[in-house]
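Residue numbers (this note's numbering): 1 to 96.
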C-alpha cells in the first residue's frame, strides 16, 4: 500500500451510515484525486477547486429546490471532509 492509500483509508470523508457502493465510490474518487496530486498531474489547488465546484453545485441544487435535504447535507459533509484533506496538501505544498 502506498502512503496516499494509508492516508485515505484512515480518512473520515464519508459518514458511517450509507451504502457500500456510495462509500466505495467516495473512497475511489478521493484516492484518485490524491493520486493525481501526488503525481503532479494536477495541483492541490486544482483539486481543491474541483471540490469547491461540486460543493457549489449541491448548494445551487438546494437553492433551486428551496429545501436542503438530509442527503444534500450528507453530501456536503463528505465534500467538506475531502476539501479539508486537500487543503492540508495545498497548505503543505505552498510551505515548500
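Here a beta-carbon is modelled for each residue, glycine too, at the ideal position from N, C-alpha and C. Since this is a predicted model, take the numbers as computed values, not measurements.
In chain order, what residues of the same chain lie with their CB nearer than 8 Å to the CB of residue i, ignoring the 5 residues before and after it?
i: residue 58; result: 72, 75, 76 and 79
Should residue i be listed as close to the ligand FMN, given that the test is whether its C-beta is under 7 Å from any heavy atom?
i: residue 22; result: Ligands displayed in this structure: none; no statement on the ligand FMN is therefore possible.
Who are the Cβ neighbours of residue i in its own chain at under 6 Å, not counting the five residues just before and after it?
i: residue 27; result: none
i: residue 88; result: none
i: residue 68; result: 62
i: residue 55; result: 79
Given a cut-off of 8 Å, decide if residue j and residue i are closer than it, judged by their beta-carbon atoms.
i: residue 90; j: residue 53; result: no
Hey, residue i and residue j are a contact pair by Cβ (cut 8 Å); roughly how many whole angstroms apart?
i: residue 33; j: residue 86; result: 7 Å
So, is residue i buried or exposed, given that buried needs 16 or more other C-beta atoms within 10 angstroms?
i: residue 44; result: buried
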